[in-house]
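Read through the structure below, which is laid out as structure tokens, and then see the notes.
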Amino acid sequence: MLPSTSWVTAEGSRRREKQPEVSCSMSVSCTVEGSHRYVLVGYSQTKGMGVGKFLSSEVFSVGGLRWAIHFYPDGLGPEDNGGYVSLFVTLVTGEPDCRALFDLAMTDQRGKVRYKRDTISSRFEPVNLKGNGWSWGSIRFIKKAALERSNFLQNDSLFFECAISVVKTRTVTPIQWSIPVPTSDLGRSLGELLRTEMGSDVVFVVADESFKAHKLILAARSPVFRAQFFGDASVHLLRWLPGRPRARHVHSDVYPTIFLRHLLAAADRYWLDRLKRFCELKLSEEITEDTVADNLTLAERHRCPGLKAAGLEFIDRCLKGGCSCLSVRS
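Mapping of the sequence shown onto UniProt numbering: position 31 corresponds to residue 31, and the numbering continues sequentially without gaps.
Here is the structure:
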């Protein structure tokens with residue numbers, strides 16, 4: 001997911017880019033398989049039916065579609081002069097543009113020995129079906145003379161097997177569970193640790209005031225604290241910023257706005273980059289004619305390019321608007 005972006009408008013208000021909406025779905029393809037065995041008794045009585053005439057199995061169902069095996073004793077096409085028998089599987093009723101895999105063969109009486117043409121099997125690649133009446137098979141399945149000499153013709157009977165795998169594709173939308181998840185209260189919990197001093201292991205000394213905090217939390221937020229805390233257990237902090245508001249922010253990200261400038265300076269000293277950027281943003285939002293000069297000085301001293309750019313843009317707008325009450329210090 002893309003991160004949101006914050007920026008400061010010309011009027012100094014903060015706007016946040018809307019998070020992009022993300023959704024998910026997937027298509028699932030599977031096969032529904034089935035087979036049918038067709039027995040033709042009295043083959044000799046079918047000879048001379050005529051080219052294009054066929055005998056049909058019962059209609060059977062696979063994958064919600066209805067099929068039939070068609071056997072042409074004198075062949076399907078007149079160009080063969082009845083020298084071949086033809087064998088096809090036909091879609092009797094079904095949906096257009098469906099797909100299926102076929103394996104159509106002639107077998108012995110026990111179904112152990114199989115005879116089929118290479119062109120009559122599509123076990124590895126589905127065939128696109130065009131609609132009702134569509135047939136798939138072999139016009140020249142086997143010569144009639146070869147068939148009548150073979151062991152496949154037993155007791156004047158022939159046996160055929162057709163295995164069909166119908167490809168089914170559906171779109172699946174993942175279930176969206178509506179289970180409310182409360183927002184994190186980690187900041188409040190850590191702030192409560194500071195208030196109660198439970199488990200504290202370091203003492204802050206600010207002017208005449210001292211209070212307890214937690215090394216692990218402070219060290220995790222500042223590499224400077226991380227280095228200092230492995231020395232003396234008493235850490236002397238900046239004199240110009242009351243200690244409890246500063247430590248409270250380090251613990252819980254809650255700040256009093258009147259300390260923004262001093263908080264930014266302390267954050268810069270102790271490498272609290274997120275706190276520094278946050279103060280920079282809030283100061284940029286609240287630039288006035290009375291604060292712009294001090295903000296520019298602060299930005300230059302503590303390397304705050306965003307605050308500096310906001311101050312210069314404010315001055316530029318004031319000059320273009322004919323404002324004469326700016327007091328810019330050199």
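All C-beta atoms, glycine included, are put in the ideal place defined by N, C-alpha and C.
Query: Which of helix, strand or coil does DSSP assign to ARG303?; Result: coil
Query: Starting from the C-beta of ASN295, find all residues in its chain whose C-beta is less than 7 Å away, skip the five residues before and the five after it, and write them out in chain order.; Result: LEU283, ILE287, LEU307 and GLY311
Query: Using C-beta distances below 8 Å, list every residue in its chain close to VAL127, excluding the 5 sequence neighbours before and after it, in chain order.; Result: ARG99, ALA100, LEU101, PHE102 and TRP136
Query: Tell me the DSSP secondary structure of GLY131 in three-state form.; Result: coil
Query: For GLY191, count neighbouring Cβ atoms within 10 angstroms of its own Cβ and tell me buried if that reaches 16, exposed if not.; Result: buried
Query: Does the Cβ of PRO73 have 16 or more other Cβ atoms within 10 Å, making it buried, or fewer, making it exposed?; Result: buried
Query: Would you call the CB atoms of LEU55 and ILE139 closer than 8 Å?; Result: no
Query: For GLY199, which residues does DSSP report across the bridge?; Result: In the DSSP output, where bridge partners are listed per residue, GLY199 has none listed.
Query: Rounded to whole angstroms, what is the Cα-Cα separation between residue 384 and THR173?; Result: In this structure the chain extends from 1 to 330, so residue 384 is not present and cannot be described.
Query: Just to confirm, are ASN151 and GLY94 a CB contact at a threshold of 8 Å?; Result: no
Query: Under the assumption that VAL89 contacts LEU65 (Cβ atoms under 8 Å), give the Cβ distance between them as a whole number of angstroms.; Result: The Cβ separation is near 11 Å, so there is no contact.
Query: So GLU285 is in the alpha helix (DSSP H); what residue range does that whole segment cover?; Result: 273 to 285
Query: Could you give the DSSP three-state label for LEU76: helix, strand or coil?; Result: coil
Query: May I have the straight-line CA-CA distance separating GLN109 from LYS168, to the nearest angstrom?; Result: 33 Å
Query: Using 8 Å as the Cβ pair cut-off and three pairs as the minimum, do the segment 180 to 188 and the segment 42 to 57 touch?; Result: no
Query: Please return the same chain residues whose Cβ sits closer than 7 Å to the Cβ of ALA213, not counting the five positions on each side in sequence.; Result: LEU194, SER200, VAL202, PHE204 and ALA247
Query: What ranges does the alpha helix (DSSP H) occupy inside the UniProt domain "BTB" (200 to 229), keeping only unbroken runs of at least 4 residues that lie completely in it?; Result: 215 to 221 and 223 to 228
Query: When burial is assigned at 16 or more other CB atoms within 10 Å of the CB, is LEU319 buried or exposed?; Result: exposed
Query: Give the DSSP-derived three-state secondary structure of SER35 in the structure shown.; Result: strand
Query: Does DSSP put LEU40 in a helix, in a strand, or in coil?; Result: strand
Query: Specify the secondary structure class of VAL292 as computed by DSSP and reduced to three states.; Result: helix
Query: With distances taken Cα to Cα, identify the nearest neighbour of ALA293 among ILE315, HIS302, GLY111 and GLU285.; Result: ILE315
Query: What number of angstroms, rounded off, separates the C-alpha of LEU91 from the C-alpha of ARG170?; Result: 22 Å
Query: Taking C-alpha atoms, which residue in ILE164, LEU158, THR46 and VAL39 lies nearest to TRP67?; Result: ILE164
Query: Got a sec? Which residues, its chain only, sit under 8 Å from GLU300 by beta carbon, not counting five neighbours each side?; Result: LYS308
Query: Can you give me the C-alpha to C-alpha distance between TYR38 and ASP156, rounded to a whole angstrom?; Result: 14 Å
Query: Taking only the alpha-carbon atoms, compute the straight-line gap between TRP134 and ARG149 and give it to the nearest angstrom.; Result: 32 Å
Query: So, helix, strand or coil for GLU161, using DSSP?; Result: strand
Query: Can PHE71 and PHE160 be called in contact, C-beta distance under 8 Å?; Result: yes
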